[in-house]
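According to the numbering used here, the sequence shown holds residues 6 to 393 in order. Idealized CB from N, CA, C, for every residue including glycine. These figures come from a predicted structure and were not determined experimentally. Comments concern the structure below.
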Amino acid sequence: MELNLSSEDAAFRDEVRAFIAGNYPAEMRVPNPETDLSKEQMLLWHRILHQKGWIAPLWPKEYGGPGWSITRRFIFEQETSRAGTLPPLAFSITMVGPVIYTFGNEAQKQKFLPRILSGEDWWCQGYSEPGSGSDLASARTRAERDGDEWVLNGQKVWTSSAHVADVALAVCRTDPDVPKHQGLTTFLVDMHAPGVEVRPLRQMTGSANFNEVFLTDVRVPDSHRVGELNKGFGVILTTLGNERTIATRAPSSGRGIGPFERLLGVVDNFGDRRDPRQRQRLAQLYIADRIKDLLIERWRASLAPGVTPGPEMSILKLHNCRNNIELVHMLTEVLGPRLAADTGAWGAFAWNEFLCSTPGARIGGGTEEIVRNTVGEEVLGLPKEPRP
Ligand SMILES: Cc1cc2nc3c(=O)[nH]c(=O)nc-3n(C[C@H](O)[C@H](O)[C@H](O)COP(=O)(O)OP(=O)(O)OC[C@H]3O[C@@H](n4cnc5c(N)ncnc54)[C@H](O)[C@@H]3O)c2cc1C
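Encoded structure:
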């Protein structure tokens, strides 16, 4: 969508465009960034944006945000999306930073926010446990007070990036004798501390980005408790609200153009645009792609620095998931057995990675069923699901 820009904003757009063209590292343009780039390579663009002061467009200025107007944030997103740049470290900038500047104490802000901005620390989210996923309030990992420290024992699972992380934002049970939502507290856990054991889990995509994390007598200073004792559920809700915004990033990020345009190329090579069935499906996918863009634009226009995104974000997540499934169905039909070829084939796009990661996207950050409950109850105001 082209914007009607003032001359100052048009100059800003040209500046962003030129900055990306002159600075985006060529070595980051690979078919499948998740598996093809090393930790150091993943950080290249992050560091460049940090030096420029553009790393965290949605953070309040006092904590390191650039202080842009909505229009400028929008321009920046549009230009980075168009140029297919990889987003900076999504988890720390999008999810942990807002938690720390909203709930953290002064020392935590002073220590961790600059390190998040610079990319010095890598983070992971230790929320899910065996038996506690959708129902995070039932988490059982214990944190018991011992003087100025807490002693953590338990197990986390599906912890993305734990194998490369320096710090985890982890939720633990600090009071087992009160209703489950009221006995949780969040902590910043040093992933290199004694007692932390990370065991990678291989996914069907071939990557091993997920992990089990075992915590055995891990000592965490009370100064690394985030927010008030037993108020961890509020921290969880803030993190999840921000997590759903990650779904708003154009899927083209890091790859130049989006899957829909890529699919058109595949159909031209291996399908038949004159086939009425294929044409009809392409038209439906195109419409869904445009609806996604409009939902993203509506959301961006409503955001302000430091504000936690509301439940409406869930609609975008549902739309995106359904869209990608339809796209994958068509792709499978057109490419057939060719899909089993190496990652990166068919137009330097990792189609098999895209296909194999589609089911996971329906679960991560809240399953489709849970997200539908959120939309029903909090957006549409329908009667709430019975809860104990
Ligand atoms: C790609 C990906 C990345 C992830 N990254 C992380 C991470 O970094 N850190 C982390 O902590 N976790 C992470 N997770 C875990 C994720 O948050 C959980 O898998 C998810 O919340 C679901 O929990 P569960 O697997 O325990 O399934 P369950 O909660 O057991 O759900 C099983 C099924 O029951 C349904 N269900 C459950 N409750 C209800 C209900 N009330 N109403 C209707 N249906 C219901 C669910 O929709 C689902 O179909 C990740 C998962 C994926 C796939």
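Between which two residues does the alpha helix (DSSP H) carrying arginine 295 extend? 281-307 is the extent of the alpha helix (DSSP H) around arginine 295.
Quick one, which of Ser43, Asn247 and Val225 has its alpha-carbon nearest aspartate 195's? Considering only Ser43, Asn247 and Val225, the residue with the shortest C-alpha distance to aspartate 195 is Val225.
Hey, glutamate 233 and methionine 100: beta-carbon distance below 7 Å or not? In this structure, glutamate 233 sits away from methionine 100, with a CB-CB distance that is not shorter than 7 Å.
Report the option in Pro92, Gly270, Met33 and Pro36 whose CA atom is closest to the CA atom of proline 62. Proximity to proline 62 across Pro92, Gly270, Met33 and Pro36 peaks at Pro92, based on C-alpha coordinates.
Quick one: grab the DSSP three-state call for serine 137. The three-state secondary structure of serine 137, taken from DSSP, is strand.
So does the stretch 117-133 actually touch the stretch 162-171, counting three or more Cβ pairs closer than 8 Å? The stretch 117-133 is in contact with the stretch 162-171.
Proline 256 to threonine 164, Cα distance in whole Å? Here the model assigns proline 256 a pLDDT of 42, short of 50, so the residue's position is not dependable and the matter cannot be decided.
Grouping DSSP H, G and I as helix and E and B as strand, with all else coil, what is threonine 337? DSSP places threonine 337 in helix when its eight states are reduced to three.
Assuming the contact rule is C-beta atoms closer than 8 Å, alanine 148 and serine 137 should be a hit. Round their C-beta distance to whole Å, please. At roughly 15 Å, the Cβ-Cβ gap does not stay under 8 Å, so alanine 148 and serine 137 are not in contact.
Which word fits glycine 259, buried or exposed, when buried means at least 16 other C-beta atoms lie within 10 angstroms of its C-beta? Model confidence at glycine 259 stands at a pLDDT of 38, short of 50, so the residue's coordinates are unreliable; what they give is reported in the following sentence. The residue in question, glycine 259, is buried, as its Cβ has 16 or more Cβ neighbours within 10 Å.
Please state if the CB of threonine 313 and the CB of valine 104 are separated by a distance shorter than 7 Å. With respect to threonine 313, valine 104 sits apart: the two C-beta atoms are not nearer than 7 Å.
From this set, Arg150, Glu13, Lys185 and Ser133, which residue's C-alpha is nearest alanine 167's C-alpha? For alanine 167, the closest alpha carbon among the candidates Arg150, Glu13, Lys185 and Ser133 is that of Ser133.
Return the chain-ordered ranges of every beta strand (DSSP E) run that is complete within the stretch 208-276 and spans a minimum of 3 residues. Counting only runs of 3 or more, we get 215-226.
Beta-carbon proximity check, valine 21 vs glutamate 84, cutoff 7 Å: Taking 7 Å as the cut-off, the Cβ atoms of valine 21 and glutamate 84 count as close.
Would you mind reading off the limits of the beta strand (DSSP E) that contains valine 101? Counting along the chain, valine 101 falls outside any beta strand (DSSP E), and DSSP gives it neither H nor E.
Smallest Cα separation from alanine 16: which of Arg34, Arg77 and His51? Of the listed residues, the one whose Cα sits closest to alanine 16 is Arg77.
Run the CB neighbour count on leucine 333, radius 10 Å, all protein chains shown included, and call it buried at 16 or more, exposed below. The sequence given here places valine at residue 333; leucine does not occur at that position. Counting the other CB atoms within 10 Å of its CB gives valine 333 a total of 16 or more, which places it among the buried residues.
Return yes when at least one heavy atom of ligand 1 lies under 6 Å from the C-beta of tryptophan 163, else no. Yes, since a heavy atom of ligand 1 falls inside the 6 Å radius drawn around the Cβ of tryptophan 163.
Assigned secondary structure, glutamate 390 (DSSP; H/G/I helix, E/B strand, else coil): In this structure, glutamate 390 counts as coil in the three-state DSSP scheme.
Does the Cβ of glutamate 402 lie closer than 6 Å to at least one heavy atom of ligand 1? Not covered by the structure: residue 402. The range shown for the chain is 6 to 393.
Segment contact, 8 Å Cβ cut-off, at least three pairs: the stretch 204-222 with the stretch 107-122: No, because fewer than three Cβ pairs between the stretch 204-222 and the stretch 107-122 fall closer than 8 Å, the two stretches do not touch.
Quick check on tryptophan 351: buried or exposed, where buried means 16 or more other Cβ atoms within 10 Å of its Cβ? Reliability of the predicted coordinates at tryptophan 351 is poor, the pLDDT of 49 falling under 50, and no value is obtained from them.
Among Gly200, Pro199, Thr179 and Glu202, which has the Cα closest to the Cα of threonine 191? Comparing Cα-Cα distances from threonine 191 to each of Gly200, Pro199, Thr179 and Glu202, the minimum goes to Thr179.
Taking the alpha carbon of serine 139 as the reference point, which residue from Val384, Gly370 and Pro391 has its own alpha carbon closest? Shortest Cα-Cα distance from serine 139 to any of Val384, Gly370 and Pro391 involves Gly370.
Beta bridge counterpart(s) of arginine 147 as assigned by DSSP: As DSSP reads the structure, arginine 147 sits in a beta bridge with Asn158 and Arg178.
Would you mind sorting proline 36 into buried or exposed? The rule is 16 or more other CB atoms within 10 Å of its CB. With 16 or more other CB atoms across the displayed protein chains lying within 10 angstroms of its CB, proline 36 is buried.
Closer than 6 Å by C-beta to isoleucine 60: which residues in its own chain qualify, once you throw out the five before and the five after it? Chain order, please. Only residues of its own chain outside the window of five on either side were considered, and among them Leu54, Pro93 and Leu122 have a CB closer than 6 Å to the CB of isoleucine 60, listed in chain order.
With DSSP as the reference, please indicate the residues paired to alanine 173 in a beta bridge. For alanine 173, DSSP records a beta bridge to Cys129 and Val194.
Please identify the residue among Glu82, Ile368, Leu321 and Asn328 whose C-alpha is closest to the C-alpha of valine 380. Among Glu82, Ile368, Leu321 and Asn328, the Cα nearest to that of valine 380 belongs to Leu321.
Taking its Cβ as the centre, do 16 or more other Cβ atoms sit within 10 Å of lysine 389, making it buried, or is it exposed? Under this definition lysine 389 is an exposed residue.
Continuous alpha helix (DSSP H) stretch holding glutamate 358: start and end: That run of the alpha helix (DSSP H) goes 356-366.
On the three-state DSSP scale, how would you describe arginine 34? The answer is coil: DSSP assigns arginine 34 none of H, G, I, E or B.
Cβ-heavy atom distance, glutamate 358 to ligand 1, below 6 Å: Not under cutoff, so the answer is no.
Distance, proline 38 Cα to threonine 372 Cα: The C-alpha of proline 38 is placed about 25 Å away from the C-alpha of threonine 372.
With distances taken Cα to Cα, identify the nearest neighbour of valine 271 among Glu338, Ala293 and Leu220. Comparing alpha carbon positions, the residue from Glu338, Ala293 and Leu220 closest to valine 271 is Glu338.
What does a CB cutoff of less than 8 Å around leucine 49 pick up in its chain, not counting 5 residues either side in sequence? Pro30, Glu32 and Met33.
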